[in-house]
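In the numbering used here, the protein residues as written are 3 to 392. Ideal Cβ placement from N, Cα and C applies to all residues, glycine included. Just so you know, these numbers come straight off a predicted model, no measurement behind them.
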């Protein structure tokens with residue numbers, strides 16, 4: 003049955019691994035999240051060279067909580083007019099306006115594939131956002147759970163996704179909220195494995211209150227953010243030996259030291275049967291390319307932004323290195339192993355640069371904190387690759 007006025011029934015993102023705001027599935031290739039004006043504006047004007055490392059912006063929708071014909075609570079999106087910015091001319095929304103998607107309420111056991119999600123929201127808040135979050139503390143050495151069942155699920159839906167969906171239903175009540183629609187980065191994967199990393203040595207925006215500033219500084223100082231320029235915000239990895247996902251959340255990530263982060267990187271690439279070492283070089287290549295791009299972004303600051311590292315959990319390929327990594331003249335296009343990997347920046351609620359929306363504070367040079375995080379990730383993955391070769 004066709005929804006009225008092009009309305010689309012929304013469902014939670016099965017693969018959301020972190021953040022404070024619930025991400026919702028719009029259609030097979032699109033997701034939506036609560037509108038923050040600063041983030042929307044950045045998507046519309048961002049430099050061309052960054053677009054290969056970010057999700058496509060696909061427009062804006064109004065979201066309402068409604069009762070369906072059977073009395074179940076559901077969220078419904080009503081598309082607004084397409085964005086008018088010329089920078090969006092090649093970014094057409096591929097969503098079918100009449101498609102009705104059944105809502106996955108917490109407790110449902112319906113299996114899900116990569117088309118169900120892949121983005122996480124920032125774990126910071128903004129005065130422009132429709133929603134509000136929380137806080138936490140100090141550094142402890144933690145180990146990755148040895149049992150694949152720990153924090154795991156067989157249907158692919160992360161516990162964090164279920165938690166945030168409940169919270170969103172409670173917060174929205176009967177009010178309409180505006181959401182932005184973005185590319186679903188996990189749509190290309192059958193069994194998405196996702197690592198969400200909070201990037202940079204500073205998380206608060208220039209407009210943060212004194213209380214928020216102090217809270218975020220404490221959080222960075224008590225985690226690997228200050229030392230490494232990155233910290234784990236969420237992770238889910240498919241374990242082929244059990245047929246289940248292992249999930250870790252941002253609270254786990256805040257308790258890690260450098261050695262704990264290294265262990266998480268190794269656990270992220272281990273499918274329960276073997277370490278997928280053939281993925282390390284494609285990941286390194288993407289991180290190095292992104293680092294070159296960020297180095298060119300003078301005055302840009304990506305405060306509280308996250309980086310997603312994703313790969314295909316279906317392990318039906320022979321574990322072999324790609325030819326182009328040994329021969330730089332050979333293109334990586336069409337390489338099956340490289341196609342299993344994707345690296346993207348997300349969450350731009352606190353981004354700033356010279357001339358951005360009349361911001362008064364102008365920073366010099368590129369984002370050193372973000373670059374520190376990228377450089378340390380490159381170093382840690384290189385060390386992991388070296389260990390595999392020994």
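Span separating the alpha-carbon of residue 240 from that of residue 215: Mapped onto the chain shown, residue 240 falls at position 238. Mapped onto the chain shown, residue 215 falls at position 213. Those two C-alpha atoms are separated by around 37 Å.
For residue 249: DSSP bridge partner residues: Position 247 of the chain shown, counted from the start, is the residue given in the question as residue 249. Paired residues: 238.
Of the residues 308, 232 and 288, the one placed nearest residue 264, counting alpha carbons only: As a first step, residue 264 is located in the chain shown; it is residue number 262 there, counting from the start. Here the closest residue by C-alpha is 232.
Cβ-Cβ separation, residue 302 to residue 355 (assumed contact under 8 Å), whole Å: Residue 355 sits at position 353 when you count from the first residue of the chain shown. Residue 302 sits at position 300 when you count from the first residue of the chain shown. About 4 Å; that satisfies the 8 Å criterion.
As assigned by DSSP and simplified to three states, the class of residue 206: Taking the first residue of the chain shown as 1, we reach residue 206 at position 204. Residue 206 falls in the coil class under three-state DSSP.
7 Å Cβ shell around residue 220 - same chain, five flanking residues per side excluded: For the purposes of this step, residue 220 is identified with residue 218 of the chain shown, where counting begins at 1. Hits under 7 Å: none found.
Cα-Cα separation, residue 56 to residue 306: Sequence index remark: in the chain shown, residue 56 carries index 54 (1-based). Sequence index remark: in the chain shown, residue 306 carries index 304 (1-based). Their Cα atoms are separated by approximately 15 Å.
Proximity of residue 74 and residue 59 at Cβ, strictly below 8 Å: Here the question's residue 74 lines up with position 72 in the chain shown. Here the question's residue 59 lines up with position 57 in the chain shown. No, the pair does not count as a contact, with Cβ atoms beyond the cut-off.
Alpha helix (DSSP H) segments (min. 4 residues) lying fully within the region 35–79: 39–47
Meets three-Cβ-pair contact criterion under 8 Å: the region 370–388 and the region 61–73: no
Run of the beta strand (DSSP E) containing residue 377, from where it starts to where it stops: In the chain shown, counting from the first residue as 1, residue 377 sits at position 375. Here residue 377 belongs to no beta strand (DSSP E); instead the alpha helix (DSSP H) covers 370–391.
Environment of residue 348 [buried if 16+ CB atoms lie within 10 Å]: Stepping through the chain shown from its first residue, residue 348 is reached at position 346. Result: buried.
Extent of the continuous beta strand (DSSP E) to which residue 195 belongs: Indexing the chain shown from 1 puts residue 195 at position 193. Residues 194–201.
Contact belief for residue 344 with residue 187 at Cβ below 8 Å, rounded distance in angstroms: By 1-based counting over the chain shown, the position of residue 344 is 342. By 1-based counting over the chain shown, the position of residue 187 is 185. With a Cβ gap of about 6 Å, residue 344 and residue 187 count as contacting.
Candidates 236, 190 and 287: closest to residue 310 by CA position: Residue 310 sits at position 308 when you count from the first residue of the chain shown. When each option's Cα is compared against that of residue 310, the closest is 236.
Closest residue to residue 52 among 77, 362, 298 and 387 (Cα-Cα distance): Against the chain shown, residue 52 aligns to sequence position 50. Nearest option by C-alpha distance: 298.
Minimum C-alpha distance to residue 78 - residue among 72, 49, 26 and 40: If you number the chain shown from 1, residue 78 lands on position 76. Comparing Cα positions, the closest option is 26.
Sheet register partners of residue 81 (DSSP bridge): The sequence position of residue 81 within the chain shown is 79, counting from 1. DSSP, once it has assigned bridges, lists 63 as partnering residue 81.
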